[in-house]
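Written below as structure tokens is the structure these notes are about.
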Amino acid sequence: MTCLYMRLLLSNVGLYLGNLLYRTKEMAEAFGREIQQTILQLICRFVRYKGTKRIGRQLAGSNGVGVLLDCFLEGQCESYIVEMCNASFELREQFETPGCITKIVETHPRPEYMLKMLLCFAQV
């Protein structure tokens, strides 16, 4: 029975972590940042373990997409976020907002990971 619960959790882990990431905005500043860092570390590990496309698709359906975008623009877990956007069109569509693209274009000097994100948006 435990194996069934593990499979159920893993099948929706991106959705759960995305929703938890969203809830960190409501927490006290220092505690919320600490929890946010922990959740981002878990997301990065699951990207390696479970696959970028599935985790990206699940995160795209969660409430935490905006927080994940803010983390990307602040330079947190940027390589994993770019990797997920490259593999998952659902997450890429959630990130492809005028605000995100404008922020990337206006950033000087522009870090390499932001250029990689622009290349993700150029995919057909």
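Using mature numbering (1 follows the signal peptide of the UniProt record, and there is no 0), the letters of the sequence shown correspond one by one to residues -18 to -1, 1 to 106. Glycine included, each C-beta is placed from N, C-alpha and C at the ideal position.
One alpha carbon belongs to Gly38, the other to Leu73, and they sit about 6 Å apart.
The beta carbon of Cys26 sits closer than 8 Å to the beta carbons of Cys59 and Tyr62 from its chain, once the five residues preceding and following it are set aside; these are given in chain order.
In the displayed model, Arg92 falls within coil according to three-state DSSP, outside both helix and strand.
Contact check for Cys67 against Met96 fails: the beta carbons are separated by 8 Å or more.
Beyond the five residues adjoining it in sequence on each side, Asn1 comes within less than 8 Å, by CB distance, of Ser44, Asn45 and Gly46 in the same chain, given in chain order.
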